[in-house]
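Asker: Below are the structure tokens for one structure; questions will follow.
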Amino acid sequence: MKQKINIFPAPFEMAEALALELISRINDAGKKGRALNIALSGGNTPGLLYSVLANHFSTAADWRFAHLFWGDERCVPPGHADSNYGAVQKALLSKIDIPALNIHRIIGERDPDEEAVRYSGEIRKYTLQKNNFPVLDIVLLGLGEDGHTASIFQGNTSSFRSDNICEVAVHPVTGQKRITLTGKVINNAIDVIFLVTGKNKAGVAGSIINKGKNAGKYPASFVTAHDGNLSWYLDREAGCLIRD
Ligand code: 6PG
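Numbering (the working numbering), first residue to last: 563 to 806.
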């Protein structure tokens, strides 16, 4: 695993830099005649990335060469305020020219156990395999204050270690059911990219990146990208405790 830490003055600069990186990767894939398989993150942080892509770079990428998946989804319909797909649809998908067949949402309104199986099959269908697991080109991840990532929460690390592609998880506070990629798929990706902003994430991000003594309690610390690349995109507030 190669790890790269990128700290930016503010969230916009972070989002802009990552947007340009994604655009470059999508267009490079297109020149080679293939599409990039990208798993998008849920939560609020990546919202700025999606808006920057839509409002500043909507035509910069040839979206025919991007297949969009989700790293996790709340088990709600797309119109629900909690829907990760719904958030991306509003911020980005409604503003770019991307083929409908390139959008692979987790169908949150379906039975979670059945959808976890279905979605696993959809991922397999569009990806190459390595170590008998799908290889996504890029997995974008957020970081919870409690160190969760995707929908892999403390006390639920069986989802991380599962031999399945997707698992049904339960949010420890709200009890909301989620569908999440498992750790074996996340760590099988070519590039895993964390997006983290805000002072409230400084402690957990610092602990994980500095490999602090408490890092092991955070599920996000299990993300290593194996023989891929692990990148952190942080703003100055979130990155203020990272030691050089
Ligand atoms: C989700 C995300 C989750 C999120 C973190 C950080 O569906 O909520 O996958 O892992 O990335 O909770 O969320 P914020 O970006 O809102 O702080």
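The beta-carbon is built from N, C-alpha and C at its ideal position, and this holds for glycine as well.
#1: Just to confirm my understanding: we take K779, look at its own chain, exclude 5 residues before and 5 after, and list those with CB closer than 8 Å. What are they?
#2: Only counting runs of 3 or more residues, tell me where the beta strand (DSSP E) segments fall wholly within the region 606-664, in order along the chain.
#3: Taking 6 Å as the limit between beta carbons, can you name the residues of its chain near A751, skipping five residues before and five after?
#4: Can you tell which of L757, L584, P674 has the C-alpha that lies nearest to the C-alpha of G609?
#5: What do you get for L630, buried or exposed, if any count of 16 or more other CB atoms within 10 angstroms of its CB means buried?
#6: Is the region 665-676 in contact with the region 624-642, if contact means three or more CB pairs nearer than 8 Å?
#7: Kindly examine the ligand 6PG and report whether one of its heavy atoms sits closer than 7 Å to the Cβ of H642.
#8: Residue range of the beta strand (DSSP E) that R587 falls in?
#9: Run through the region 755-784 for me and flag every whole alpha helix (DSSP H) of 4 or more residues, listed as ranges in chain order.
#10: Any heavy atom of the ligand 6PG within a distance shorter than 7 Å of the CB on A712?
#11: Is T744 a contact residue of the ligand 6PG, with contact defined as CB to any heavy atom under 7 Å?
#12: Decide if P781 is buried, meaning its Cβ has at least 16 other Cβ atoms within 10 Å, or exposed.
#13: Could you give the distance in angstroms between the alpha-carbon of I727 and the alpha-carbon of R636?
#14: Can you give me the C-alpha to C-alpha distance between V754 and G765, rounded to a whole angstrom?
#15: In three-state DSSP terms, what is L678?
#16: Report the rounded CA-to-CA distance for K564 versus N749, giving the unit in angstroms.
#17: Using a 10 Å radius around the Cβ and a threshold of 16 neighbouring Cβ atoms, would you call L580 buried or exposed?
#18: Could you compute how far the alpha carbon of L798 sits from the alpha carbon of H618?
#19: Determine, using beta-carbon pairs with one atom in the region 728-735 and one in the region 676-685, whether at least three such pairs fall under 8 Å.
#20: V785 and T689 - do their beta-carbons sit closer together than 8 Å?
#21: Taking the beta carbon of K775 as the centre, do at least 16 other beta carbons fall within 10 Å, making it buried, or is it exposed?
#22: So, helix, strand or coil for I600, using DSSP?
#23: State the beta-bridge partners of P696 as determined by DSSP.
Answerer: Short version:
#1: G709, Q716
#2: 628-632, 634-636
#3: L698, V701, G790
#4: L757
#5: buried
#6: yes
#7: no
#8: Run containing R587: none in the beta strand (DSSP E); it sits in the alpha helix (DSSP H), 573-593.
#9: 764-771
#10: yes
#11: no
#12: buried
#13: 17 Å
#14: 21 Å
#15: The identity of residue 678 in the sequence shown is Ala, whereas the question assumes Leu. DSSP places A678 in helix when its eight states are reduced to three.
#16: 12 Å
#17: buried
#18: First, the amino acid is wrong: residue 798 is Arg here, not Leu. Straight-line Cα distance between these residues: approximately 23 Å.
#19: yes
#20: no
#21: exposed
#22: strand
#23: Q691
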